[in-house]
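A short worksheet on the structure shown next.
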Amino acid sequence: MRPYVILNAAMSLDGKIATKLGDSELSSPEDWERVHRLRCTVDAIMIGVNTLLVDDPKLTTKCPRPPLKIVVDSLARTPPTARLLTHRGEGKVLIAVGGEAPAYRVEALRRAGAEVFKAGRKRRVNLKILMAEIWRRGVKRPLVEGGGNLNWSLISEGLVDEVQVALTPVILGGRNAVSLVEGEGFGKVDEAQRLELLSVERVGFNLLLKFKCLR
Ligand SMILES: NC(=O)c1ccc[n+]([C@@H]2O[C@H](COP(=O)([O-])OP(=O)(O)OC[C@H]3O[C@@H](n4cnc5c(N)ncnc54)[C@H](OP(=O)(O)O)[C@@H]3O)[C@@H](O)[C@H]2O)c1
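Note that the working numbering has the sequence shown beginning at 42, numbered continuously upward.
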């Protein structure tokens with residue numbers, strides 16, 4: 042058994058989730074409100090370590106039951122001073138590391154109040170092991186909030202069930218600007234993750250598209 046995984050992002054018309062300089066402010070105020078409401082319907086919010094290092098998000102919510110915050114961080118590079126940890130008034134923080142995370146960094150994160158979970162023996166976090174572990178802990182519905190490399194791993198491993206994209210009417214360009222999905226990519230359209238459109242809605246200046254992932 043594994044959780045029902047929702048992937049959410051704000052994306053430019055050309056598929057970027059940040060500019061070449063890492064600016065990812067793509068949501069309208071109305072879309073931010075939607076994201077805050079969505080966060081209260083899930084048990085956990087998951088991000089990749091690069092998103093943490095670039096944005097230093099607090100991932101705050103005003104939910105009666107604050108979701109668990111999960112950072113996918115093979116080498117425990119999350120700084121103990123990250124706002125996720127220092128603004129920990131609500132909700133626990135779980136750092137998922139790989140088999141080669143240095144013990145001193147793991148210890149520093151534990152001292153900063155995070156729980157550290159070793160997901161597999163390899164260098165990279167094993168996402169299937171992580172999903173099984175959070176399911177065991179009662180996380181049935183996590184929300185993934187990027188970035189592009191984490192999105193690719195989850196999608197290519199068939200671990201995403203629903204995609205919500207707030208399309209922003211801007212074109213960012215830039216070969217080094219992060220796209221919704223990075224990684225190696227599929228070789229053939231036949232191999233791609235197929236989706237079915239569930240709804241289309243205008244949310245402020247964003248166009249919110251919801252899809253379910255087909256198997
Ligand atoms: N517009 C939006 O909605 C939105 C949302 C989120 C993020 N963003 C933007 O996206 C950018 C960051 O995206 P990103 O693609 O560079 O990074 P990311 O997906 O946030 O993080 C990727 C990192 O996660 C770690 N990781 C550990 N295990 C992994 C696994 N199994 N698969 C994939 N990654 C794994 C890897 O680092 P290690 O090998 O060191 O572990 C990897 O480099 C930022 O600019 C941020 O602002 C935008």
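We put the beta carbon where it would ideally sit given N, CA and C, even for glycine.
Treat the numbers as computed from the prediction; the structure is a model and nothing was measured.
Presumed contact (8 angstroms Cβ cut-off) between Ala160 and Pro121, rounded CB distance: Rounded, the Cβ-Cβ distance is 20 angstroms, inconsistent with contact.
| How about Glu186 and Asn49: do their beta carbons lie closer than 9 angstroms? | yes
Practice prompt. Quick one: grab the DSSP three-state call for Asn49.
Written response: strand
Which residues DSSP lists as bridging Cys254, in chain order: Leu236
So, is Lys57 buried or exposed, given that buried needs 16 or more other C-beta atoms within 10 angstroms? buried
Practice item. Starting from Val138, follow its DSSP beta bridges and name the residues at the other end. Key: Lys159
Contacts around Leu255, its chain only, beta-carbon distance under 7 angstroms, and the 5 residues preceding and following it disregarded = Arg235, Leu236 and Glu237
Check: Under a Cβ-count criterion, where at least 16 other Cβ atoms within 10 Å of its own Cβ denotes burial, should Thr92 be classed as buried or exposed?
Finding: buried
What residue range is occupied by the uninterrupted beta strand (DSSP E) comprising Leu184?
-> Pro183 to Val185
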